[in-house]
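In the working numbering, the protein residues as written are 7 to 914.
Using N, Cα and C, we set each Cβ at its ideal position, and we do this for glycine too.
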Amino acid sequence: MGSHIAIAQVPVTKPADSTDKVTSIDADLINLFNQKTPKKYKIASVKVTGNKVFDEALLLSLTGLNKGDEITIPGGDQFAHAITKLWAQNYFSDVEVYITKLEGNNIDVEIAVTERPKLSKHYFKGIRKGEADDLNAKTGLVPSHVITENMKITATDAIKKYFFEKGYRRVKVSITETKDPTSENYMFLTFYITKGVKVKINNIDFAGNDNVEDSRLKKQMKGTHEMTRLTFFPTNDTGGFINPRHYTFKEYLNDKGFLTYSKTKRVLDPYVRLKLFTSAKFDDKKYEEDKDNIVTYYNSLGYRDASIVRSLPFYNSKGNMNINIQVSEGHKYYFGNVTWRGNTKFSDSILTVILGIKKGDIYNADILHKKLSAASPEGGDISGLYMDDGYLFFQADPTETAVYNDTIDFEIRLREGPQATIKNVRITGNDKTKEHVIRRELRTIPGDKFSRTLLIRSQREIANLGYFNQEKVAPNVVPNPDDGTVDITWNVEEKSSDQLELSAGFGGGIGLTGTVGVSFNNFSIKNIFSKKAWDPLPTGDGQKLSLRVQSNGRAYRSYNISFTEPWLGGKKRNAFSVSLYDTKFSNAYNYATGRYEKALGDNSFFRTTGVSVGLAKQIKWPDDYFNLGFTLSYARYRLKNYTIDAYNLPNFNNGYSNNLNLKIALQRNSVNQPIFPTSGSNFLLSVQATPPFSYIDPSLVDDAKNDPNKAYKWIEYHKWRFTDEYYIPIGKPHGEDRNKQFVLKASAKYGFIGRYNPKLEISPFERFQVGDAGLSNTYALLGYDIISQRGYPVYETSNVNVNPDQSGASRYFTLFNKYTLEMRYPLSLNPSSTIYGLGFFEAANGWYNFREYNPFQLRRSVGLGMRFFLPMFGLLGFDYGIGLDRTQPGQGLKGAGRFTFMLGFEPE
Numbered sequence: 007m008g009s010h011i012a013i014a015q016v017p018v019t020k021p022a023d024s025t026d027k028v029t030s031i032d033a034d035l036i037n038l039f040n041q042k043t044p045k046k047y048k049i050a051s052v053k054v055t056g057n058k059v060f061d062e063a064l065l066l067s068l069t070g071l072n073k074g075d076e077i078t079i080p081g082g083d084q085f086a087h088a089i090t091k092l093w094a095q096n097y098f099s100d101v102e103v104y105i106t107k108l109e110g111n112n113i114d115v116e117i118a119v120t121e122r123p124k125l126s127k128h129y130f131k132g133i134r135k136g137e138a139d140d141l142n143a144k145t146g147l148v149p150s151h152v153i154t155e156n157m158k159i160t161a162t163d164a165i166k167k168y169f170f171e172k173g174y175r176r177v178k179v180s181i182t183e184t185k186d187p188t189s190e191n192y193m194f195l196t197f198y199i200t201k202g203v204k205v206k207i208n209n210i211d212f213a214g215n216d217n218v219e220d221s222r223l224k225k226q227m228k229g230t231h232e233m234t235r236l237t238f239f240p241t242n243d244t245g246g247f248i249n250p251r252h253y254t255f256k257e258y259l260n261d262k263g264f265l266t267y268s269k270t271k272r273v274l275d276p277y278v279r280l281k282l283f284t285s286a287k288f289d290d291k292k293y294e295e296d297k298d299n300i301v302t303y304y305n306s307l308g309y310r311d312a313s314i315v316r317s318l319p320f321y322n323s324k325g326n327m328n329i330n331i332q333v334s335e336g337h338k339y340y341f342g343n344v345t346w347r348g349n350t351k352f353s354d355s356i357l358t359v360i361l362g363i364k365k366g367d368i369y370n371a372d373i374l375h376k377k378l379s380a381a382s383p384e385g386g387d388i389s390g391l392y393m394d395d396g397y398l399f400f401q402a403d404p405t406e407t408a409v410y411n412d413t414i415d416f417e418i419r420l421r422e423g424p425q426a427t428i429k430n431v432r433i434t435g436n437d438k439t440k441e442h443v444i445r446r447e448l449r450t451i452p453g454d455k456f457s458r459t460l461l462i463r464s465q466r467e468i469a470n471l472g473y474f475n476q477e478k479v480a481p482n483v484v485p486n487p488d489d490g491t492v493d494i495t496w497n498v499e500e501k502s503s504d505q506l507e508l509s510a511g512f513g514g515g516i517g518l519t520g521t522v523g524v525s526f527n528n529f530s531i532k533n534i535f536s537k538k539a540w541d542p543l544p545t546g547d548g549q550k551l552s553l554r555v556q557s558n559g560r561a562y563r564s565y566n567i568s569f570t571e572p573w574l575g576g577k578k579r580n581a582f583s584v585s586l587y588d589t590k591f592s593n594a595y596n597y598a599t600g601r602y603e604k605a606l607g608d609n610s611f612f613r614t615t616g617v618s619v620g621l622a623k624q625i626k627w628p629d630d631y632f633n634l635g636f637t638l639s640y641a642r643y644r645l646k647n648y649t650i651d652a653y654n655l656p657n658f659n660n661g662y663s664n665n666l667n668l669k670i671a672l673q674r675n676s677v678n679q680p681i682f683p684t685s686g687s688n689f690l691l692s693v694q695a696t697p698p699f700s701y702i703d704p705s706l707v708d709d710a711k712n713d714p715n716k717a718y719k720w721i722e723y724h725k726w727r728f729t730d731e732y733y734i735p736i737g738k739p740h741g742e743d744r745n746k747q748f749v750l751k752a753s754a755k756y757g758f759i760g761r762y763n764p765k766l767e768i769s770p771f772e773r774f775q776v777g778d779a780g781l782s783n784t785y786a787l788l789g790y791d792i793i794s795q796r797g798y799p800v801y802e803t804s805n806v807n808v809n810p811d812q813s814g815a816s817r818y819f820t821l822f823n824k825y826t827l828e829m830r831y832p833l834s835l836n837p838s839s840t841i842y843g844l845g846f847f848e849a850a851n852g853w854y855n856f857r858e859y860n861p862f863q864l865r866r867s868v869g870l871g872m873r874f875f876l877p878m879f880g881l882l883g884f885d886y887g888i889g890l891d892r893t894q895p896g897q898g899l900k901g902a903g904r905f906t907f908m909l910g911f912e913p914e
């Protein structure tokens with residue numbers, strides 16, 4: 007198949023008709039291209055033959071040949087251009103141009119084309135259906151598209167790449183074409199695929215690494231790992247350029263290798279190698295990256311001239327792959343004298359201390375670069391020192407001034423440049439949130455000197471608003487060297503931050519049951535009466551409004567409303583909050599009829615009505631991460647023929663109880679993100695106290711002893727809480743967006759409730775329930791704090807071995823300790839569904855007084871869990887914890903495990 011320009015040697019008959027008989031020959035036509043002098047001819051007619059699908063007029067327009075055009079023969083290129091244009095369409099397997107008639111200076115032209123067949127269907131043979139489904143999307147084969155060689159090559163390459171990535175390195179693909187009998191010029195393509203066996207990496211051997219062990223080099227290969235092995239008869243493969251030498255058992259004993267893990271692993275490696283959580287498939291791209299990692303590792307050890315001389319992947323006798331790598335280590339170098347030049351702002355001594363490199367330290371170009379100009383968020387580098395003082399145009403150029411023996415002297419040449427002033431600060435992407443809500447969080451103010459620390463702090467504050475995709479909050483810093491200024495554009499991406507809670511039911515004689523709850527986390531109360539703002543709600547001012555109604559028919563109902571203004575007055579970070587609630591429990595059940603009756607509910611009930619007002623103020627000392635908050639709360643309990651708690655409040659079933667308290671909280675929160683923090687800490691110290699009513703009115707002591715219904719007319723206590731949490735990133739970020747890494751959360755919590763008057767018992771209200779999932783208990787009438795512990799039910803004794811399976815307690819602790827370690831890893835940081843897994847260790851316990859208190863007497867648990875953050879529903883999560891102190895002799899872990907679930911919030 008191809009393309010040709012030809013003179014039809016048929017003067018009268020049609021060239022394509024082989025059945026016609028040639029009766030005469032036109033000598034002038036035959037000699038047309040053999041004439042010595044070029045001559046111009048006019049096209050008398052032009053037509054296309056062989057076309058079955060494509061319109062003749064369309065094809066003629068592509069060729070550019072028209073009736074009346076002049077053609078120079080020989081020497082003209084119009085025919086060649088016509089063939090090229092048709093050929094470029096990729097729709098034809100053959101294109102030929104014929105001159106069929108010559109009369110004087112007029113010629114008839116015929117363009118004969120052979121159309122390529124089109125694809126009817128394609129099939130994959132030799133593979134599973136699931137693999138075929140994957141290949142349908144990857145090969146790019148589309149029915150009715152023209153079949154070309156490029157299509158077949160592309161599909162074959164896609165098939166091989168697909169199986170290469172799965173570890174099949176010897177894939178063979180053959181293609182057959184079959185006519186579709188139902189459609190003219192349509193073909194079936196069948197791909198016959200032979201996957202072969204899965205190829206795994208058997209051994210990685212090194213040569214030339216005299217100073218670094220093989221195991222340390224293999225550790226640097228993050229994407230190239232050896233396979234698991236368990237055999238009594240190790241093979242000695244040949245084929246590479248390295249003859250591997252095995253570490254013998256005799257050498258192991260002589261070296262006292264049993265005292266070190268690395269040598270024990272080395273002697274066992276030919277027989278036992280466990281790689282349970284790593285893939286041993288070979289990936290060319292990762293292999294090249296890993297070779298660079300080896301060189302980088304050598305550089306970090308001072309071998310700056312290290313290189314890989316030769317590398318060879320090859321197959322062994324079992325079809326798996328061995329890899330030989332020969333390295334050239336070169337000399338090991340050390341830092342010599344480091345001098346400074348061009349610094350006027352900071353002295354040599356200050357810069358040397360921050361650089362942290364001393365004479366005699368192992369040479370490491372990467373550390374030198376990071377200390378000079380890496381601009382890490384944690385700071386502690388020369389670049390950060392200058393940029394925090396406005397020197398945005400700062401540059402540092404380390405220059406080798408002398409290399410002698412194994413030592414390198416450096417002169418670091420600084421160009422400080424002018425201090426940059428922030429000129430323009432712009433915000434883009436805030437389609438819903440009003441600009442002033444974002445601007446008040448910024449520390450990058452026009453007219454101020456540029457500061458990298460304040461830039462990072464601003465990024466944290468915007469992310470912690472919770473209104474934007476925290477992974478997309480990014481400042482675009484554009485320096486203007488001409489006038490010494492800098493423009494900053496904050497790019498944000500809105501996400502839904504509101505939450506909805508819905509449930510409903512009816513029946514059983516109880517009536518309508520259900521819950522309706524909404525939280526608007528970016529509300530605008532000033533626009534609540536503006537009709538234009540309801541689209542669908544008035545939003546954008548950063549306020550929070552929560553409404554919740556819950557009903558259990560005639561047995562229970564609850565109303566809650568709360569509002570928070572984070573910037574009261576709009577100029578300072580003074581958070582004002584107010585909340586109201588009213589709850590009623592009724593003994594409305596008639597045991598005689600089996601129904602809930604209103605008359606019974608009106609005669610026996612417990613009602614709680616409460617209000618709280620809070621004000622939290624940001625303070626600037628010791629730093630501006632601190633907040634000091636004050637909350638004044640009042641709750642009124644009314645009982646009518648209703649027993650709250652027969653154990654803690656015996657005979658108290660009629661009357662009123664009042665809880666008036668002031669809570670003071672000091673908090674320092676430097677957590678960088680609200681949903682999945684990767685750094686920072688959260689410190690909270692609070693005291694919640696009532697007035698000492700029994701000292702103000704001593705008659706209350708006598709009332710408490712003589713009349714149980716007056717014992718708690720005015721509740722009195724002082725409650726102390728302490729929380730300390732740290733988020734520590736582990737390892738380097740990775741993933742497509744470089745935002746996935748392990749994060750260790752470490753926390754400690756303490757609580758204590760005390761009394762003023764030794765003549766009174768410690769208040770049964772406001773104590774601590776410890777154990778189980780930590781979910782809010784609707785019937786927690788005594789207002790206790792719920793402290794979760796995964797792997798254990800709710801417990802009421804300090805004896806760690808006593809853990810009856812119960813969902814509630816009859817007594818509540820007056821003090822508790824809790825310690826938690828969590829290792830977290832994000833699976834998805836998409837704002838529409840943030841998902842992470844975790845493993846945890848917890849230890850906690852509670853006590854009734856300080857005489858019993860033992861901080862080392864703790865219930866311990868370990869387990870795994872998952873968290874899902876969905877915009878409209880908030881947190882969904884579950885944990886499976888194993889209570890280590892619940893295990894029974896001879897039963898292993900049976901009965902010690904426990905699932906816990908959470909909805910809406912992370913329990914304490």
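Is residue j closer than 8 Å to residue i when the C-beta atoms are compared?
i	j	result
Gly871	Gly883	yes
Thr162	Gly146	no
Ser665	Asn675	Note on identity: in this sequence residue 665 is Asn, with Ser being the wrong assignment. For Asn665 and Asn675, no; Cβs fall outside 8 Å.
Gly852	Ser804	yes
Val152	Lys124	yes
Asn470	Gln679	yes
Gly620	Phe632	no
Lys292	Glu232	no
Thr196	Gly132	no
His740	Val693	no
If you drop the 5 nearest sequence neighbours on each side, which residues of the same chain put their C-beta closer than 8 Å to that of residue i?
i	result
Val205	Gly173, Tyr174, Arg175, Arg176, Lys287, Phe288, Tyr321, Gly325, Asn326, Met327
Asp608	Ser592
Ser221	Ser268, Lys271, Arg272
Asp61	none
Taking the alpha carbon of residue i as the reference point, which residue from the options has its own alpha carbon closest?
i	options	result
Glu121	Tyr97, Leu108, Ile113	Tyr97
Gly366	Leu307, Glu422, Arg316	Leu307
Phe748	Ile759, Gly760, Pro735	Pro735
Ile105	Leu35, Ser99, Val119	Leu35
Met227	Arg279, Tyr854, Asp296	Asp296
Lys48	Phe60, Asp75, Phe39	Asp75
Lys53	Pro44, Lys46, Ala63	Ala63
Thr234	Asp243, Ile210, Ile567	Ile210
Val358	Lys377, Ala371, Tyr369	The sequence given here has Thr at residue 358, not Val. Taking only the C-alpha atoms, the option nearest Thr358 is Lys377.
Ser753	Glu914, Leu844, Arg432	Glu914
Taking 6 Å as the limit between beta carbons, can you name the residues of its chain near residue i, skipping five residues before and five after?
i	result
Phe526	Asp504, Leu551
Arg904	Gly797, Gly887
Asn370	Ser306
Would a check of beta-carbon distances place residue i closer than 8 Å to chain C?
i	result
Lys440	Protein chain content of the structure displayed is limited to a single chain, and chain C is not contained in it.
(message) So, does the stretch 683-703 touch the stretch 470-486, judging by three or more C-beta pairs under 8 Å?
(response) The stretch 683-703 is not in contact with the stretch 470-486.
(request) Decide yes or no for the touch test of the stretch 858-867 against the stretch 811-830: beta carbon pairs closer than 8 Å, at least 3 of them. (result) Touching, yes, given that three or more Cβ pairs across the two stretches are closer than 8 Å.
(request) Answer yes if the stretch 329-337 comes into contact with the stretch 209-227, meaning at least three C-beta pairs across the two stretches below 8 Å, and no otherwise. (result) In short, these stretches touch, since the Cβ pair count reaches three.
(request) Just list the alpha helix (DSSP H) runs in the stretch 386-445, keeping only unbroken ones of 4 residues or longer that don't cross its boundaries, in chain order. (result) The qualifying runs are 388-393, 441-445.
(message) As an exercise, report each continuous alpha helix (DSSP H) stretch of at least 4 residues that is fully enclosed by the stretch 216-255, in chain order.
(response) With a minimum length of 4 residues, the continuous alpha helix (DSSP H) runs that stay inside the stretch 216-255 are 220-225.
(request) Taking only runs that begin and end inside the stretch 646-684, name each unbroken beta strand (DSSP E) of 3 or more residues, in chain order. (result) Correct list: 661-675.
(message) With three or more C-beta pairs closer than 8 Å as the rule, is the stretch 255-275 touching the stretch 344-351?
(response) Contact between the stretch 344-351 and the stretch 255-275 is absent, because fewer than three Cβ pairs lie under 8 Å.
(request) Please confirm if the stretch 387-406 is in contact with the stretch 417-425, defined as three or more CB-CB distances below 8 Å between the two stretches. (result) Because the criterion of three Cβ pairs below 8 Å is met, the stretch 387-406 and the stretch 417-425 touch.
(message) I'd like to know if the stretch 643-651 and the stretch 695-703 are in contact, where contact means that at least 3 CB-CB pairs between them fall below 8 Å.
(response) Touching, no.
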